[in-house]
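A quick write-up on the structure given underneath.
Protein chains in written order, with the working numbering: chain A, 1 to 223; chain B, 224 to 451; chain C, 452 to 704.
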């Protein structure tokens with residue numbers, strides 16, 4: 001059991017890490033679009049993108065299973081075109097964790113971008129910067145504290161993701177059994193000692209990451 | 224220099240009122256002042272000239288260069304119009320120091336200038352505006368006058384073909400205002416760059432207006448060519 | 452508002468808050484193995500008709516999970532498990548009311564495949580084919596059907612070959628679902644479960660198990676409603692109840 005705990009931890013960090021990285025990019029992009037671009041149905045889009053946070057994870061897991069399972073329209077296409085099967089794979093676990101945690105960074109990023117003084121972006125434009133440069137040199141640095149906070153929430157949520165992951169990725173030790181699922185199974189099997197140990201590992205990991213990330217948000221400094 | 228402007232822009236504010244800006248003028252003086260009370264549409268006009276606001280219709284031509292022409296579907300983006308712009312609140316980048324602010328537009332990539340950025344143009348402007356001592360400080364550590372000089376340096380460092388000033392002195396106290404007016408006057412004499420300034424202060428009119436356009440309720444009402 | 456009325460109002464408010472949590476005096480809580488879901492859901496109303504005033508509340512999950520809950524003090528009256536192992540452990544932890552344990556139904560272990568499977572699987576040995584990538588098995592650590600499966604595969608010296616392909620399910624119903632959805636090429640469930648999804652799975656083999664599959668049922672020691680618990684235990688052994696269970700594919704214990 002001892003060696004396998006570290007494998008489980010490594011797998012959990014891998015899944016959470018990927019989910020966080022993907023969400024950082026998607027969340028910042030979507031948050032910026034919602035903050036800075038006006039279009040019809042903007043608030044509706046925002047509401048729909050926030051749904052995964054409001055729906056129970058098992059419901060999300062069910063929808064995912066239906067869509068990316070072998071018989072689902074997306075899963076079937078992936079199977080036929082690329083031979084990819086996401087169910088029972090760690091990539092499936094990443095997708096589940098990504099979708100469930102996405103609204104956390106979306107909300108934070110949107111609020112953060114909305115709080116950036118548009119005049120600063122205008123000043124950058126007049127000084128000759130193109131839109132990408134304005135985004136990376138002005139908007140993102142000014143919005144960074146909010147974005148970072150949202151990203152940390154995503155990481156914590158991904159680390160603890162259980163319901164959707166269990167449905168989509170199953171519980172395959174070494175491949176898709178994350179720490180939260182391992183805790184659940186240990187409790188189910190009456191193995192309290194194992195459960196306590198896993199819970200302790202998870203908590204320590206979370207705290208360590210949050211402390212380390214606190215170093216990434218020095219207020220008032222830009223690289 | 225010459226600005227040929229004929230534009231219409233309707234803006235709806237949050238209180239569901241809408242404001243219609245319809246200005247048409249031909250400004251040829253070295254220093255043009257657009258003068259009018261608050262809410263007259265001065266800022267909107269200046270932003271349209273700079274490319275920060277897109278008019279609903281019309282044309283903007285500078286020195287023969289068509290910057291905007293709705294019918295011909297021309298709209299040169301702000302970054303290519305080669306103007307310097309001074310915002311009313313200066314819009315200095317709060318997390319960058321004075322050097323980095325001034326050098327900001329000189330670097331076109333995705334990275335900001337480093338904290339010790341140098342270069343001939345940057346040093347020249349630091350000297351000219353007596354900012355050398357505060358070059359490593361952030362905007363929130365500067366006085367009002369220093370901030371304005373930094374913002375001006377930032378606008379001028381890439382030698383723009385015209386300078387657009389949005390109420391440059393309204394944020395300063397009266398004593399400072401007098402001093403800054405003198406400084407700007409000397410500066411403009413030295414640099415010889417065409418200027419369009421918007422203001423609601425008649426003193427600015429006296430100091431800077433070779434030519435004045437009176438703007439009220441979104442329309443130019445009378446032209447007042449003044450003695451230089 | 453004077454003090455007396457205030458106190459009355461607060462009292463009423465507190466009562467209103469607490470009322471939903473006060474256990475209905477005549478609730479019977481039955482924790483039953485997942486495979487009993489459909490059959491028990493039919494037996495519940497039948498029991499209520501015979502014992503008016505009692506409401507039957509069901510809690511279905513893998514037997515070990517139910518055991519864990521009872522061990523931690525969940526207010527359960529009756530425990531129906533899918534294998535003797537789980538009930539033995541309950542006994543060892545002194546969770547059962549003395550003398551109440553009895554076997555009440557039997558079941559069979561079957562190997563199933565999705566109904567549209569073209570792999571032609573017929574025996575346990577066929578699971579070694581390369582085309583079989585995933586086999587849905589209940590987690591032996593916590594699900595009785597997994598234990599039966601593992602024992603049978605070990606007896607056939609196939610466990611080593613099948614285990615790498617195993618997808619562990621949290622309950623027999625989840626294993627069934629994996630096969631029904633086509634996510635696993637084969638799986639092991641009880642005959643009764645396979646019968647529930649006749650249209651989505653087909654049984655290709657009945658698996659010989661190392662011990663007969665019999666389901667024990669018992670009253671819980673700390674049962675909040677011991678009278679109704681005993682009545683339920685007697686009820687499941689009546690011919691009428693046994694007939695219902697037989698209809699779902701359960702056998703005689």
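Ideal placement from N, C-alpha and C gives every residue a C-beta, glycine not left out.
*chain B contact for residue 103 of chain A (CB, 8 Å cutoff)*: Output row for residue 103 of chain A: interface = no.
_Minimum Cβ-Cβ distance from residue 459 of chain C to chain A less than 8 Å_ = No, because no Cβ of chain A sits closer than 8 Å to the Cβ of residue 459 of chain C.
*residue 187 of chain A versus chain C: which residues are under 7 Å apart at the beta carbon?*
519
*asked:* Any C-beta of chain A within less than 8 Å: which residues of the segment 621 to 644 of chain C qualify?
replied: 621, 629, 632, 633 and 634
*State the Cα-Cα distance for the pair residue 376 of chain B and residue 325 of chain B, rounded to the nearest angstrom.*
Distance between residue 376 of chain B and residue 325 of chain B, taken at the CA atoms: about 6 Å.
*Does the distance from the C-beta atom of residue 285 of chain B to that of residue 352 of chain B stay below 8 Å?*
no
*asked:* Would residue 14 of chain A pass as an interface residue toward chain C - the criterion being a Cβ-Cβ separation below 8 Å?
replied: no
*Pick helix, strand or coil for residue 621 of chain C, following the three-state DSSP scheme.*
coil
*What does residue 71 of chain A touch in chain C if you count any residue whose Cβ is under 9 Å from its own?*
632, 633 and 634
*Note down the Cα distance separating residue 276 of chain B from residue 335 of chain B, rounded to an integer number of angstroms.*
25 Å
*Is DSSP giving residue 1 of chain A helix, strand or coil here?*
Bear in mind that the predicted position of residue 1 of chain A carries a pLDDT of just 46, short of 50, making it too unreliable to give a figure here.
*Can you find a CB in chain A that lies within less than 8 Å of the CB of residue 533 of chain C?*
no
*Is there contact here, the segment 672 to 690 of chain C with the segment 478 to 493 of chain C, by at least three beta-carbon pairs under 8 Å?*
yes
*Give a yes or no on whether 8 Å exceeds the smallest Cβ distance from residue 204 of chain A to chain C.*
no
*asked:* Given this structure, state the Cα-to-Cα distance separating residue 300 of chain B from residue 35 of chain A, to the nearest angstrom.
replied: 21 Å
*On the DSSP bridge assignment, give the partners of residue 638 of chain C in chain order.*
C:563 and C:587
*asked:* Under 8 Å, Cβ to Cβ, is there at least one residue of chain A near residue 275 of chain B?
replied: It does: the Cβ of residue 275 of chain B has a partner Cβ on chain A nearer than 8 Å.
_chain C residues whose Cβ lies nearer than 9 Å to that of residue 224 of chain A_ = Here chain A comprises residues numbered 1 to 223, so residue 224 of chain A is not present and cannot be evaluated.
*asked:* Does residue 138 of chain A pass the burial test, meaning 16 or more other C-beta atoms within 10 Å, or should it be called exposed?
replied: buried
*Which residue comes first and which comes last in the beta strand (DSSP E) that contains residue 386 of chain B?*
385 to 389
_Rounded Cβ spacing between residue 462 of chain C and residue 558 of chain C (contact assumed at less than 8 Å)_ = Not a contact, Cβ separation roughly 52 Å.
*Cα separation between residue 177 of chain A and residue 89 of chain A?*
Answer to the nearest angstrom: the Cα atoms are 10 Å apart.
*asked:* Please identify, using Cβ separations under 8 Å, the residues of the segment 46 to 59 of chain A that lie next to chain B, in order along the chain.
replied: none
*List, in order along the chain, the chain B residues whose C-beta lies closer than 8 Å to that of residue 125 of chain A?*
274, 275, 300, 301 and 302
*Relative to the alpha-carbon of residue 387 of chain B, which residue among B:306, B:298 and B:409 has its alpha-carbon at the smallest distance?*
By alpha-carbon distance to residue 387 of chain B, the top candidate from B:306, B:298 and B:409 is B:306.
_On the DSSP bridge list, what partners appear for residue 226 of chain B?_
Paired residues: B:250 and B:285.
*Whole-Å CB distance - residue 104 of chain A paired with residue 150 of chain A, under 8 Å assumed*: 6 Å
*Is the shortest distance between the beta-carbon of residue 215 of chain A and the beta-carbons of chain B less than 8 Å?*
no
*Would you call the CB atoms of residue 638 of chain C and residue 582 of chain C closer than 8 Å?*
no
*For residue 292 of chain B, which beta-bridge partners are listed by DSSP?*
B:282 and B:297
*Who pairs with residue 664 of chain C in a beta bridge, going by DSSP?*
C:558
_Burial state of residue 444 of chain B, where buried means 16 or more other Cβ atoms lie within 10 Å_ = exposed
*Entirely within the segment 474 to 537 of chain C and at least 4 residues each: give me those alpha helix (DSSP H) ranges in chain order.*
488 to 501 and 514 to 522
*Bounding residues of the beta strand (DSSP E) (the contiguous stretch that carries residue 421 of chain B)*: 418 to 422
*Return the Cβ separation of residue 273 of chain B and residue 304 of chain B in integer angstroms, given the expectation that the two are a contact with Cβ distance under 8 Å.*
7 Å
*Through-space distance from residue 641 of chain C to residue 533 of chain C, alpha-carbon basis*: 10 Å
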